[in-house]
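*Asks:* In my numbering, the protein residues as written are 21 to 287. Yeah, the Cβ is synthetic: ideal placement off N, Cα and C, and Gly gets one too.
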């Protein structure tokens, strides 16, 4: 199966500050893949520190995120992600920047049906407009952490056969602002010959140090188990669209609302 039909459309659930969970398949040298996606979270509920869902003021998070891959060696692909957004909570609003992250995927093993790779990423959170928009002492609404550095490492495996594909990854992320997260992703999908690619994913994020404050945006320390539905369609050889619906049946310190995504992809 071609790499271009194996691109997965699953991501970190709830928080828009991590732009994607990346595919295990590397690009051939000189080939590329890019995605520009608009995301939105609209709601009036939040997950507490006990995992309960409670009402809060109306809020909205809108972001434009970009992600790009470039094959540089036979088994090595570079990737870059960044984003900008607008947030509102009650009568307050602000513009924010998502972390700028550079990474590389290194294929360790590859065959017609199985690939194993490792992903390493480093980046910086600019910390712009990290003030709290909420006046409620029980809840924060911060769209960015303070200026901080991010590092992440994942081991990944992908399996494909006659249009069906699945992938699994696990690893950890460290953010100098709040500590470490344990990460896990599992996805399944099918690639039709006419370009349609539906997918289902499960995502796990576990902050090693339990959150001590509820931040409705999910920025910073959070724990959640999430799921996502994705639908991609390549309507030409080089241009396609992707739509996502992501939600969390369980979370601590996060928004109690689904994440909607819509974007274009290029190759």
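#1: Does the beta-carbon distance from residue 298 to residue 138 come in below 8 Å?
#2: Excluding sequence positions up to five away, which residues of its chain have a Cβ less than 6 Å from the Cβ of residue 171?
#3: Counting Cβ pairs, one atom from each stretch, are 3 or more of them under 8 Å apart for the stretch 94–104 and the stretch 67–78?
#4: In chain order, what residues of the same chain have a beta carbon less than 7 Å from the beta carbon of residue 63, not counting five sequence neighbours either side?
#5: Taking just the CA atoms, how far does residue 219 sit from residue 250?
#6: What's the gap between the Cα of residue 211 and the Cα of residue 190?
#7: Alpha carbon to alpha carbon, what distance is there between residue 134 and residue 108?
#8: Decide if residue 101 is buried, meaning its Cβ has at least 16 other Cβ atoms within 10 Å, or exposed.
#9: Given residue 42, which residues of its chain have a CB within under 7 Å of its CB, disregarding the five upstream and five downstream residues?
#10: When the Cα atoms are used, what is the spatial distance from residue 203 to residue 223?
#11: In angstroms, rounded to a whole number, what distance separates the CA positions of residue 207 and residue 179?
#12: With burial defined as no fewer than 16 other Cβ atoms inside 10 Å of the residue's Cβ, what is the status of residue 281: buried or exposed?
*Replies:* Judging by the given coordinates:
#1: Because the chain in this structure spans residues 21 to 287, residue 298 falls outside the shown range and cannot be described.
#2: Within the chain shown, the letter at position 151 stands for residue 171. 142 and 194, listed in sequence order.
#3: Result no; under three Cβ-Cβ pairs closer than 8 Å.
#4: Position 43 of the chain shown holds residue 63. Contacts found: 79, 275, 276 and 277.
#5: Position 230 of the chain shown, counted from the start, is the residue given in the question as residue 250. Position 199 of the chain shown, counted from the start, is the residue given in the question as residue 219. A direct Cα-to-Cα measurement between residue 250 and residue 219 gives close to 5 Å.
#6: Reading the chain shown from its first residue, position 191 is the one you call residue 211. Reading the chain shown from its first residue, position 170 is the one you call residue 190. Rounded to whole angstroms, residue 211 to residue 190 spans 24 Å at the Cα level.
#7: Along the chain shown, one-based indexing puts residue 108 at 88. Along the chain shown, one-based indexing puts residue 134 at 114. Approximately 44 Å, taken between the alpha carbons.
#8: Here residue 101 refers to the residue found at position 81 of the chain shown. Buried: at least 16 other Cβ atoms inside 10 Å.
#9: Here residue 42 is taken as the residue at index 22 of the chain shown, counted from 1. Residue placement at residue 42 is poorly supported in this model, since its pLDDT is 41, which falls under 50; the coordinates are not used for a value here.
#10: Here residue 203 is taken as the residue at index 183 of the chain shown, counted from 1. Here residue 223 is taken as the residue at index 203 of the chain shown, counted from 1. Residue 223 has its alpha-carbon roughly 8 Å from the corresponding atom of residue 203.
#11: Here residue 207 refers to the residue found at position 187 when the chain shown is read from its first residue. Here residue 179 refers to the residue found at position 159 when the chain shown is read from its first residue. Taking C-alpha positions only, residue 207 is separated from residue 179 by approximately 10 Å.
#12: One-based indexing of the chain shown puts residue 281 at position 261. Looking at its Cβ environment, which holds 16 or more other Cβ atoms inside 10 Å, residue 281 is buried.
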